[in-house]
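Written out below as structure tokens is the structure these notes cover.
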Amino acid sequence: MSNDKRLLPGTRRNEGADLLLNVNYCAACSVVAFAMTIYFSLLYCQSWGTEREWASASLITMALAIADMLAAGWGIVLLVESSASMTDQDSETEMNYACSDWKAYLFYYATATLISIHVIIALSCAVVSIILAQGVGTQLEEIRRIV
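The sequence shown begins at 119 in the numbering used here and counts up one residue at a time.
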């Protein structure tokens, strides 16, 4: 295969540093999305009081969980592309990575595990948001009757 075949915009098969920068960018986006999801689901809920506030907060939480899932999906694509580019290298260019086999396997499986955990957490955030949004109206009516 040609070494100048593009994987993603800005990356080439022989440019491991660019691929690592893309992975770091994906990780930073995921951290920001996850932090925003935690903020809106745990801290912001202290001021919830009306159906409109509950609905807007659950929609924001759902949107952030979806953005988080998209970032994790991008991470999966980068992981697959990087592993494909590493295995497609011929013996001459393989030495450019300066990485032993066990390090590559450890990095690959650690990244795959991290992305899988990330997807599970984002899915659980989306499910919790749906569950919370379903019974909000009846719960607030009960609270109003009690007070």
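We put the beta carbon where it would ideally sit given N, CA and C, even for glycine.
Of the residues assessed, Gly193 falls on the buried side of the cut-off, its CB having 16 or more other CB atoms within 10 angstroms. Taking all protein chains shown into account, Thr179 has 16 or more neighbouring C-beta atoms within 10 Å of its C-beta and is therefore buried.
Of the candidates Ile156, Ala251, Ser200, Tyr157, the residue whose Cα lies closest to the Cα of Tyr227 is Ser200. Less than 7 Å divides the Cβ of Ala240 from the Cβ of Asp186.
For the pair Ala190 and Ala151, the CB atoms are not nearer than the 7 Å cut-off.
Shown here, Gly253 sits in coil according to DSSP, grouped into three states, outside any helix or strand. Spatial neighbours of Ser148 in its own chain (CB-CB distance under 8 Å, excluding positions within 5 residues in sequence) are listed in chain order as Asp186, Ala189, Ala190, Gly193, His236.
In the structure shown, the three-state DSSP call for Val265 is coil.
In this structure Leu224 is exposed. Its beta-carbon is surrounded by fewer than 16 other beta-carbon atoms within 10 angstroms.
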